[in-house]
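In the working numbering, the protein residues as written are 430 to 698. Glycine residues also receive a C-beta, built at the ideal position from the N, C-alpha and C atoms.
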Ligand SMILES: C[S@@+](CC[C@H](N)C(=O)[O-])C[C@H]1O[C@@H](n2cnc3c(N)ncnc32)[C@H](O)[C@@H]1O
């Protein structure tokens, strides 16, 4: 994750955007912090430093080893290229958050903090990138797993990675479906769902996406749980048909203390 910084919207942009790439590596972070402080103030800068420090720590002690099992991966947060993207609405490209996987612990601690039986649910990663979160979720006995990714290049990487994990005996490939589709077009599976939203898009896409989930629930009422990591648009889930779930137990504490991002969970009533 070197040279990747978060802006105030939780979007990830390259250090070049701060004009520091020509400085020696050790000077870049302090210079970015100074520039950020001027742009966004002390509080936002300290929040940013905490996020980056925890991501580095978790990467070092956990994700770097796990990622070795994924042959196709990006070393940097990267944008979807328009020519390979499948979109239903022109706003989807502008609203997309760059492809950067969440630390595995953000997902494992959240699943541990929720009262949820994986055997009864289909796990769907909405904005599945190169398949890291899917590969982690596949270690749990979910009925099935589906990744929805609108960017062709990331979808292909996810296919390579799931095939590699299957070849290594770490997952059953028949349980995992990868769709090169827009989140605004992909049909939600007709069974109890866990939807992972790792801050994939901005409000102009999140709003119609939530409406699609609501419609799918009205058509076929069934348990639908949403895990929203780095919940930049949590206000959109404040609706009468959705309740927020409490994250409980030791894993909830681990998430609060060591999780780089806030995590919220919701359930359709
Ligand atoms: C922050 S990444 C999450 C990666 C993945 N969930 C993980 O943790 O390993 C967000 C992903 O959402 C994808 N995305 C953004 N907008 C989308 C849309 N409208 N439909 C489908 N995928 C989208 C991006 O291309 C990017 O790969």
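Check, Outcome
"Taking the alpha carbon of residue 463 as the point to measure from, which residue in 478, 510, 500 has its own alpha carbon closest?", "478"
"Could you check whether the Cβ of residue 449 sits closer than 8 Å to any heavy atom belonging to ligand 1?", "no"
"Across which residues does DSSP place residue 554 in a beta bridge pair?", "576, 625"
"Run through DSSP, which three-state label would residue 565 get?", "helix"
"Between the beta-carbon of residue 507 and the beta-carbon of residue 529, is there less than 9 Å?", "yes"
"Should residue 488 be counted as a contact of ligand 1 given a C-beta to heavy atom distance under 8 Å?", "no"
"According to DSSP, is residue 372 helix, strand or coil?", "Any answer about residue 372 is impossible in this case: the structure gives the chain only from 430 up to 698."
"Excluding sequence positions up to five away, which residues of its chain have a Cβ less than 7 Å from the Cβ of residue 542?", "676, 677, 678, 680, 681, 684"
"Use the C-beta contact count for residue 548: other C-beta atoms within 10 angstroms, 16 or more gives buried, fewer gives exposed.", "exposed"
"Enumerate, from N- to C-terminal direction, the unbroken alpha helix (DSSP H) stretches of 4 or more residues contained entirely within the segment 441-473.", "454-469"
"Can you round the beta-carbon distance between residue 579 and residue 515 to whole angstroms, since I take them to be within the 8 Å contact cut?", "5 Å"
"Beta carbon of residue 631, beta carbon of residue 473: below 9 Å?", "no"
"Quick test of your reading: residue 545 and residue 654, contact by CB under 8 Å. State the CB separation rounded to the nearest angstrom.", "6 Å"
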